[in-house]
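*Asks:*
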Ligand SMILES: Cc1cc2nc3c(=O)[nH]c(=O)nc-3n(C[C@H](O)[C@H](O)[C@H](O)COP(=O)(O)OP(=O)(O)OC[C@H]3O[C@@H](n4cnc5c(N)ncnc54)[C@H](O)[C@@H]3O)c2cc1C
Ligand SMILES: Nc1ncnc2c1ncn2[C@@H]1O[C@H](COP(=O)(O)O)[C@@H](O)[C@H]1O
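Residue numbers (the numbering used here), protein chains in the order written: chain Z, 1 to 312; chain R, 1 to 248.
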């Protein structure tokens, strides 16, 4: 029997939406079962949520005080201990999965397939390289497959399942060389999570200052949108890092993406390739963002935002 | 204390990469090659740690063909003390790369290994974490701030939820993100000086690293192109278009 294990991403209370996307990828493998493992201090609420994901067979709940925060050096040995029962182990390709899975893979002596965007067969996958400017079809060697799932390539699996939840104890010695100190969240307020939002309003260097970003937030709130940014805007201190979209930020797939004062560098475009409709507002008619925008408007972004807010 | 830094030669980030029509990969002939941007930041951080009096020696290492020595020389010109070139004409994947870095670490006994968070060619984002696993060392990935105090490093990491702080015992592997620092410019006299700095060459076999089962690249194709859109002339026109699509 071939089974896939999906590692749940969560904050102790809520399951992260990336998990249901990874389950969609797992479903494409067409194996006998999909299990989700929740590694947490308590995690019972998270396990309940994971059990509702359509297609999931079993939810394994591994409780350990060391799992209070997602520290790769603690989680990896526990996952390794569980991996023996599976043909595939997958996690979302978020900073959580990216940090964790190569550590698991190397301990098990396996290579890793990063950012799976399509399943061709049990061992053959498509993945982006060169910031998405090329797509490689790669074959994993025979045996256990370890991979991360490019979440923007998959819709979240439905929420109609009723998997059983089973508590598992995993007896491994955890290292003492790492200490979690704190997590300072960027503070997006009540705005939708970038990676789950159906609409995203983004600002770039053209927005000009932290102060001016209030126009971006205000429009986003009118639209019920998440707020994104280019790296230049983050580097300049206009907005915290967790809003960065692109090759080295978040890869997103909203139905509507609106870019204000963003030139459209390939590294930025790598993050929005799967957006439904891209709107670009830039005062430079030659900005490369217009090559990918469904609707482009050559204009001053502040004037456009003002008019848009009136029109909505 | 020594710091070991990984330096990979990749297609320059400004190049618009072209995919070969026969599916065999991307065009590399006549294309500008540079140090992986993340690795430049790793070198810079190592130098700053040394300049702050927290390390004695910065060793840079690359795995790849002869031409990679160019990037090692750049790192030496930035201020690294010596370089190691693990020469091979074959593509080295992260698991093998991590095994090679492990062998180098066994030999050199560094207290810190700084790698880029990802190489911008294959975008794997694996080597540092794999090296952490193989060495049974702590890892602190995606670093945007590194503080060394005695035998510990306090690292601020850029994660999806914001900024996470980890404290790790040395020796440790740290992978660096773009906002950690701004790499210095290399000055001409430094380039001249770098030519005389030691650069040691060895093979993968010299390090006793064997090949493991790896991922096979079957083909490489260009991504699906987005349909070119239209320019609208006014906000009113934009609003109408988005309303028609049911987006607002
Ligand atoms: C390894 C690497 C990884 C990277 N990863 C990322 C990443 O993940 N995400 C990312 O975004 N970038 C990334 N970058 C950086 C990227 O190359 C660009 O530098 C960055 O995206 C530029 O941001 P920008 O478009 O906001 O700024 P700019 O390129 O400076 O563009 C600003 C735009 O604003 C317009 N503008 C100015 N004022 C106005 C106005 N009043 N009204 C309308 N338009 C106006 C200008 O015409 C211009 O087009 C990466 C770079 C490297 C080397
Ligand atoms: N061939 C190589 N030579 C030197 N360093 C490398 C090599 N491959 C990977 N690295 C290091 O590992 C980091 C991450 O690479 P990757 O896991 O391939 O995304 C890079 O930024 C380098 O610091």
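Ideal Cβ positions, reconstructed from N, Cα and C, are used throughout, including at glycine.
Because the structure is a prediction, the values reported are computed rather than measured.
Does the region 153-169 of chain R touch the region 135-143 of chain Z, meaning 3 or more C-beta pairs lie closer than 8 Å?
*Replies:* Verdict: no, contact absent.
*Asks:* So which of R:230, R:39 and R:242 has the shortest CA-CA distance to residue 121 of chain R?
*Replies:* For the purposes of this step, residue 121 of chain R is taken as residue 121 along the second chain, with counting starting at 1. When each option's Cα is compared against that of residue 121 of chain R, the closest is R:39.
*Asks:* Does the region 148-156 of chain Z come close enough to the region 21-30 of chain Z that 3 or more CB-CB pairs lie under 8 Å?
*Replies:* Yes: at least three Cβ pairs fall under 8 Å.
*Asks:* Keeping to the same chain, check which residues put their C-beta closer than 6 Å to that of residue 26 of chain R; ignore five residues upstream and five downstream.
*Replies:* Position 26 of the second chain, counting from 1, holds the residue named residue 26 of chain R. Hits under 6 Å: 17 and 19.
*Asks:* Does DSSP put residue 48 of chain R in a helix, in a strand, or in coil?
*Replies:* As a first step, residue 48 of chain R must be located in the second chain, where it is residue number 48. Three-state result, residue 48 of chain R: helix.
*Asks:* Provide the residue(s) that pair with residue 164 of chain Z in DSSP beta bridges, ordered along the chain.
*Replies:* By one-based count along the first chain, residue 164 of chain Z stands at place 164. Answer is Z:58, bridged to residue 164 of chain Z.
*Asks:* Could you list the residues in the region 90-109 of chain Z with a C-beta less than 8 Å from some C-beta on chain R, going in chain order?
*Replies:* Answer in chain order: 94, 95, 96, 98, 99, 100, 101, 102, 103, 104, 105, 106, 107 and 109.
*Asks:* Residue range of the beta strand (DSSP E) that residue 202 of chain R falls in?
*Replies:* The residue labelled residue 202 of chain R in the question sits at position 202 within the second chain. Its beta strand (DSSP E) spans residues 199-203.
*Asks:* Write down the C-beta distance between residue 261 of chain Z and residue 204 of chain Z rounded to the nearest angstrom, noting that I regard them as a contact closer than 8 Å.
*Replies:* Here residue 261 of chain Z refers to the residue found at position 261 of the first chain. Here residue 204 of chain Z refers to the residue found at position 204 of the first chain. That belief holds up - the Cβ atoms of residue 261 of chain Z and residue 204 of chain Z are roughly 4 Å apart, short of 8 Å.
*Asks:* Is the beta carbon of residue 256 of chain Z closer than 7 Å to that of residue 238 of chain R?
*Replies:* Looking up residue 238 of chain R in the second chain gives position 238. Looking up residue 256 of chain Z in the first chain gives position 256. Not in contact: residue 238 of chain R and residue 256 of chain Z (Cβ atoms no closer than 7 Å).
*Asks:* Kindly identify the DSSP beta-bridge partner or partners of residue 35 of chain Z.
*Replies:* For this step, residue 35 of chain Z is matched to residue 35 along the first chain. Per DSSP, Z:5 and Z:58.
*Asks:* Pick out the complete beta strand (DSSP E) segments inside the region 168-222 of chain R, 3 residues or longer, and give them in chain order.
*Replies:* For the region 168-222 of chain R, whole beta strand (DSSP E) runs of length 3 or above, ordered along the chain, are 172-176, 199-203 and 216-221.
*Asks:* When you compare only the Cα positions, how much space is there between residue 239 of chain Z and residue 217 of chain Z?
*Replies:* The residue you call residue 239 of chain Z lines up with position 239 of the first chain. The residue you call residue 217 of chain Z lines up with position 217 of the first chain. For residue 239 of chain Z and residue 217 of chain Z, the distance between alpha carbons rounds to 11 Å.
*Asks:* With a threshold of 7 Å between beta carbons, is residue 125 of chain R in contact with chain Z?
*Replies:* Counting from one through the second chain, the residue named residue 125 of chain R turns up at place 125. Yes, residue 125 of chain R lies at the interface with chain Z (some Cβ there is under 7 Å from its Cβ).
*Asks:* I'd like the ranges of any alpha helix (DSSP H) spanning at least 4 consecutive residues and lying wholly in the region 208-282 of chain Z.
*Replies:* Fully enclosed alpha helix (DSSP H) runs of 4 or longer: 213-223, 231-235 and 266-269.
*Asks:* Between which two residues does the beta strand (DSSP E) carrying residue 126 of chain Z extend?
*Replies:* Within the first chain, residue 126 of chain Z is the residue found at index 126, counting from 1. Run containing residue 126 of chain Z: 124-129, per the beta strand (DSSP E) assignment.
*Asks:* Report the rounded CA-to-CA distance for residue 22 of chain R versus residue 133 of chain Z, giving the unit in angstroms.
*Replies:* Looking up residue 22 of chain R in the second chain gives position 22. Looking up residue 133 of chain Z in the first chain gives position 133. Cα-Cα distance, rounded: 16 Å.
*Asks:* What are the start and end residues of each continuous alpha helix (DSSP H) run of 4 or more residues lying completely inside the region 123-172 of chain R, in chain order?
*Replies:* Listed in chain order, the complete alpha helix (DSSP H) runs (minimum 4 residues) inside the region 123-172 of chain R are 127-135.
*Asks:* In the DSSP assignment, find the alpha helix (DSSP H) that holds residue 88 of chain R and state where it starts and stops.
*Replies:* Here residue 88 of chain R refers to the residue found at position 88 of the second chain. Unbroken run through residue 88 of chain R: none, as it is neither H nor E.
*Asks:* Could you check if residue 101 of chain Z is buried or exposed, using at least 16 other CB atoms within 10 Å of its CB as the buried criterion?
*Replies:* In the first chain, the residue the question calls residue 101 of chain Z occupies position 101. Buried is the call here.
*Asks:* Thinking residue 119 of chain R and residue 8 of chain R are a contact (beta carbons under 8 Å), I'd like their distance in whole angstroms, please.
*Replies:* Within the second chain, numbered from 1, the residue matching residue 119 of chain R stands at position 119. Within the second chain, numbered from 1, the residue matching residue 8 of chain R stands at position 8. Contact flag correct, Cβ pair sits at about 5 Å.
*Asks:* Closer than 8 Å is the cut-off here; do at least three beta carbon pairs connect the region 122-130 of chain R with the region 197-209 of chain R?
*Replies:* Verdict: no, contact absent.
*Asks:* Would you kindly report the start and end of the unbroken beta strand (DSSP E) that includes residue 177 of chain Z?
*Replies:* The residue you call residue 177 of chain Z lines up with position 177 of the first chain. Here residue 177 of chain Z belongs to no beta strand (DSSP E), and DSSP marks it neither H nor E.
*Asks:* Who does residue 310 of chain Z pair with in a DSSP beta bridge?
*Replies:* Counting from one through the first chain, the residue named residue 310 of chain Z turns up at place 310. Answer by DSSP bridge pairing: none, since residue 310 of chain Z is not bridged.
*Asks:* To the nearest angstrom, how far is the alpha carbon of residue 276 of chain Z from that of residue 253 of chain Z?
*Replies:* As a working mapping, residue 276 of chain Z is identified with position 276 in the first chain. As a working mapping, residue 253 of chain Z is identified with position 253 in the first chain. Cα to Cα, the separation comes out at about 7 Å.
*Asks:* Can you pull the chain R neighbours of residue 111 of chain Z, defined as C-beta to C-beta under 8 Å?
*Replies:* Walking along the first chain from the start, residue 111 of chain Z turns up at place 111. Under the 8 Å cutoff, chain R gives 93, 94, 95, 212, 213, 214 and 215.
*Asks:* Our contact map puts residue 55 of chain R next to residue 5 of chain R with C-beta atoms below 8 Å; I'd like the distance itself, whole angstroms only.
*Replies:* If you number the second chain from 1, residue 55 of chain R lands on position 55. If you number the second chain from 1, residue 5 of chain R lands on position 5. Residue 55 of chain R to residue 5 of chain R, Cβ: 11 Å. No contact.
*Asks:* Excluding sequence positions up to five away, which residues of its chain have a Cβ less than 7 Å from the Cβ of residue 131 of chain Z?
*Replies:* Taking the first residue of the first chain as 1, we reach residue 131 of chain Z at position 131. Within the same chain, residue 131 of chain Z has close Cβ partners 247, 266, 267 and 270.
*Asks:* Would you kindly report the start and end of the unbroken alpha helix (DSSP H) that includes residue 73 of chain R?
*Replies:* Stepping through the second chain from its first residue, residue 73 of chain R is reached at position 73. Looking at the DSSP string, the run of the alpha helix (DSSP H) that includes residue 73 of chain R is 69-78.
*Asks:* To the nearest angstrom, report how far apart residue 42 of chain R and residue 102 of chain R are at their CA atoms.
*Replies:* As a working mapping, residue 42 of chain R is identified with position 42 in the second chain. As a working mapping, residue 102 of chain R is identified with position 102 in the second chain. Cα to Cα, residue 42 of chain R sits roughly 18 Å from residue 102 of chain R.
*Asks:* Against chain R, does residue 308 of chain Z count as a neighbour if the rule is that its beta carbon must be under 7 Å from one of theirs?
*Replies:* Here residue 308 of chain Z corresponds to residue number 308 of the first chain, with the count starting at 1. It does; some Cβ of chain R falls within 7 Å.
*Asks:* With a threshold of 16 other CB atoms inside 10 Å of the CB of residue 1 of chain Z, please say whether the residue is buried or exposed.
*Replies:* On the first chain, residue 1 of chain Z is found 1 positions in, with the first residue counted as 1. Under this definition residue 1 of chain Z is an exposed residue.
*Asks:* Can you name the residues of chain Z whose CB is closer than 8 Å to the CB of residue 110 of chain R?
*Replies:* Position 110 of the second chain holds residue 110 of chain R. Near residue 110 of chain R there are no residues of chain Z at all, since even the closest Cβ is about 16 Å away, more than 8 Å.
*Asks:* Roughly how many angstroms lie between the CA atoms of residue 309 of chain Z and residue 280 of chain Z, to the nearest whole one?
*Replies:* Mapped onto the first chain, residue 309 of chain Z falls at position 309. Mapped onto the first chain, residue 280 of chain Z falls at position 280. Residue 309 of chain Z and residue 280 of chain Z: Cα-Cα distance of roughly 16 Å.
*Asks:* Report whether the distance from the Cβ of residue 116 of chain R to the nearest heavy atom of ligand 2 is below 6 Å.
*Replies:* Start at 1 with the first residue of the second chain, and residue 116 of chain R comes out as number 116. Correct: residue 116 of chain R has its Cβ closer than 6 Å to ligand 2.
*Asks:* Quick check on residue 251 of chain Z: buried or exposed, where buried means 16 or more other Cβ atoms within 10 Å of its Cβ?
*Replies:* For the purposes of this step, residue 251 of chain Z is taken as residue 251 along the first chain, with counting starting at 1. Result: buried.
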